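For the sequence shown, the residue numbers in this note's numbering are 202 to 721. By construction, the Cβ of each residue, glycine as well, lies at the ideal position given by its N, Cα and C atoms. Note that this is a predicted model, so its numbers are computed, not measured. One structure below.
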Amino acid sequence: MGSRAPSPATGLRLADVLAALSLATDLGVGAPMETALRTCLLATALGQRLGLGGAELATVYFAALMRHLGCTAWAHEAAELAGDDHDLLRTFEGVDRTRKSKLLGRAVARLAPGQPAGARVLTIARVLTQPSAGNRLAAAQCAQAEALAEDLGLGPAVVTALAQMYERHDGRGGPHHLRGEQISLAGQLIHLAQVLEALLRQLGPARALAELEGRRGTQFSAAVVDAALGSRDLVTELASSATLWEQVLAIEPAPVRTVELAHLPQIALAFARFADLKSPHRVGHSPAVAALADRAAERAGLSAEDRTRLRISALLHDLGTVSVSNATWDHAGALGASAWEQVRLHAHYGERILARSPLTQPFAALVGGHHERMDGSGYHRNARGDSIEQLARILGAADCWVALTSRRPHRDALAAPDASQCLTREASAGRLCRDAVALVQAAAGQPVTRAALPAGLTEREAEVLRHLARGLVSKEIASVLGIATRTVKHHIEHIYEKTGVTTRAAAALFAARNDLVGPD
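Structure, rendered in structure tokens:
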């Protein structure tokens with residue numbers, strides 16, 4: 202038997218769940234795990250120093266914990282710009298982007314270190330000659346963070362703070378170029394805390410605080426900088442703390458926030474979208490796997506408890522994919538040994554994240570085992586046969602089906618009969634469980650009834666949005682649908698108007714939140 206889910210009588214401490222899942226958001230920006238925990242501690246402690254308490258301080262706490270929630274929104278575009286989204290974000294982390302000399306110095310020192318000299322020069326030039334890229338990144342990340350915070354039920358104050366986390370005191374931030382008191386105190390604290398956390402890792406406490414003091418009155422207000430300068434002991438302690446997890450849970454403002462166990466699938470769905478939105482080719486993947494796996498489990502006559510555990514695990518099964526650069530996920534050719542090793546580790550990272558909290562631990566083993574194979578050829582433990590539990594076998598088969606029937610950078614989507622044959626061959630070769638494959642094949646044959654389309658979208662607009670969310674440009678969409686490129690552009694304009702978005706990333710999130718993107 203696998204791990205058991207938390208008892209309905211105990212409910213869930215929200216901070217415990219989100220602290221674990223925040224580790225995934227760290228990986229999504231290529232930062233060390235526990236970066237968000239340290240940022241949360243800094244922001245909350247500075248809020249206390251400024252006299253905040255109760256609901257106001259709780260806003261700072263939860264917004265800081267989830268401050269990377271939008272990091273996957275622009276990963277595809279960042280990789281196209283610089284070759285590697287993680288490298289781009291790490292390169293300019295903590296830099297005052299209004300100071301061109303600092304941007305140039307950081308780019309020359311750190312950007313694209315693995316590229317040949319000529320290609321590296323071109324990458325640096327391309328990045329530095331597109332100053333609007335930073336604003337586009339901020340807009341995409343803030344929009345996704347707002348939407349997913351709403352999905353998590355964190356409340357309007359947290360949503361507002363996340364929307365403002367890149368705004369500057371002098372009005373030179375983004376995405377809305379707010380200034381001074383137009384920025385909420387929570388937004389100011391999160392902005393300062395995330396920069397200070399990065400500077401602490403790069404420079405150490407003394408130099409980090411000196412750098413922060415140099416941005417007093419420009420990037421940050423005098424009040425929040427003075428609060429940081431007056432907290433030198435705390436800053437020094439956090440620079441090397443080994444008990445961040447315990448400290449974060451201990452500092453949560455009273456009353457401790459709990460949610461019903463029934464809310465856990467909604468939390469899992471939000472993080473499924475967070476992970477899937479990293480690549481246009483994966484939008485909608487995890488919810489589709491969860492739905493298919495649940496139908497297969499129902500056919501198998503599994504208990505309600507097992508079905509719940511499987512459904513939540515399926516939603517979270519690709520959480521570790523954010524640890525891998527889009528240079529790998531969006532690559533159209535064969536992967537090299539190093540890239541393939543990164544891919545193999547995504548299951549490990551997903552398991553490691555969920556194992557951190559007792560509230561998410563029941564789902565860790567299934568997430569870690571969804572790529573294991575019956576003959577021991579899978580990863581990341583090379584488990585085999587009876588050591589792979591039934592739920593993991595079903596999840597693995599469902600994941601294969603959805604992947605095969607979806608477009609990927611290196612191939613088109615397979616038709617259902619072809620995908621079914623692939624699964625049968627995998628089972629015949631002893632890699633996938635025969636029973637699990639039969640269950641998934643039967644479940645995949647069930648008709649799906651789509652509800653009325655949201656935002657007044659037409660069927661054609663929904664088709665266009667689906668392909669747009671997957672990263673196709675207008676010309677490619679026109680080719681797939683057999684219509685004129687100009688017509689596609691008109692459809693996209695109408696989609697943006699009806700859904701109230703302005704970017705492809707935001708449109709992809711709208712599609713994912715409204716179940717408009719499933720297998721191809």
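Which listed residue (the options) has its alpha carbon closest to that of residue i
i    : options                : result
T688 : E698, I384, K676       : K676
L737 : W541, L329, R458, G374 : Past the edges of the chain, shown from 202 to 721, lies residue 737, and the structure says nothing about it.
R268 : A276, A320, L312, E347 : E347
H692 : E662, C343, L465       : E662
H482 : A628, G683, V218, A670 : A670
P454 : G252, H518, S223       : G252
F293 : P488, I589, G335, A463 : G335
A409 : T419, A429, Q420       : A429
T260 : Q467, A358, R300       : A358
R298 : L520, R369, E235       : R369
I696 : A679, G683, E664       : E664
G315 : D427, D288, A491       : D288
V718 : V525, D477, V523       : D477
V641 : L624, L654, G485, P655 : L624
D531 : T236, D286, L520, L379 : D286
S526 : A280, T509, G248       : A280
P655 : S223, R300, L592, N715 : N715
Pairwise C-alpha distance: residue j and residue i
i    : j    : result
D371 : L363 : 18 Å
A387 : T361 : 9 Å
T245 : G374 : 22 Å
A313 : A540 : 16 Å
G534 : P610 : 8 Å
L355 : A318 : 46 Å
G254 : V449 : 16 Å
L470 : R667 : 19 Å
A494 : H518 : 12 Å
L353 : E382 : 27 Å
L243 : Y262 : 9 Å
V544 : A614 : 20 Å
L401 : E552 : 28 Å
Y367 : A440 : 23 Å
P648 : K479 : For P648, the pLDDT reaches just 35, beneath the cut-off of 50, and the residue's location in the model is therefore unreliable, although a value from the coordinates is still provided. Looking at the two C-alpha atoms, the distance is approximately 29 Å.
R214 : V460 : 7 Å
T226 : P233 : 10 Å
S514 : F472 : 11 Å
V218 : S422 : 32 Å
V702 : G672 : 16 Å
L462 : G212 : 5 Å
F475 : D427 : 35 Å
E698 : A708 : 11 Å
D600 : Y550 : 17 Å
A407 : L329 : 30 Å
G306 : H547 : 33 Å
T324 : G231 : 19 Å
Q591 : D636 : 9 Å
L266 : S223 : 6 Å
R496 : S442 : 46 Å
Alpha helix (DSSP H) segment containing residue i, residue limits
i    : result
Q467 : 465-477
P454 : From DSSP, P454 is part of no alpha helix (DSSP H); its letter is neither H nor E.
G485 : Neither: G485 is in no alpha helix (DSSP H) and is coded neither H nor E.
A362 : 357-364
A276 : 276-283
G319 : 318-329
H287 : 286-292
C343 : 333-353
L560 : Looking at the DSSP string, L560 is not in any alpha helix (DSSP H), and its letter there is neither H nor E.
N527 : 527-530
Neighbour-count burial assignment, residue i, 16 or more Cβ in a 10 Å radius
i    : result
T561 : buried
A221 : buried
E398 : buried
G502 : exposed
N583 : exposed
P209 : In this prediction, P209 scores a pLDDT of 42, lower than 50, which makes its location untrustworthy; no coordinate-derived value is stated.
G597 : buried
A310 : exposed
P456 : exposed
R626 : exposed
D507 : buried
S302 : exposed
A712 : buried
S588 : exposed
H378 : exposed
V638 : buried
Inset, instruction - Evaluate the contact criterion for the region 271-279 versus the region 434-446: three or more CB pairs, one atom per stretch, below 8 Å. - result: no
Legend entry - Touch test, the region 555-575 against the region 621-633, Cβ-Cβ under 8 Å, three pairs minimum: yes
Legend entry - Three or more C-beta pairs below 8 Å linking the region 234-241 and the region 390-404: In short, these stretches touch, since the Cβ pair count reaches three.
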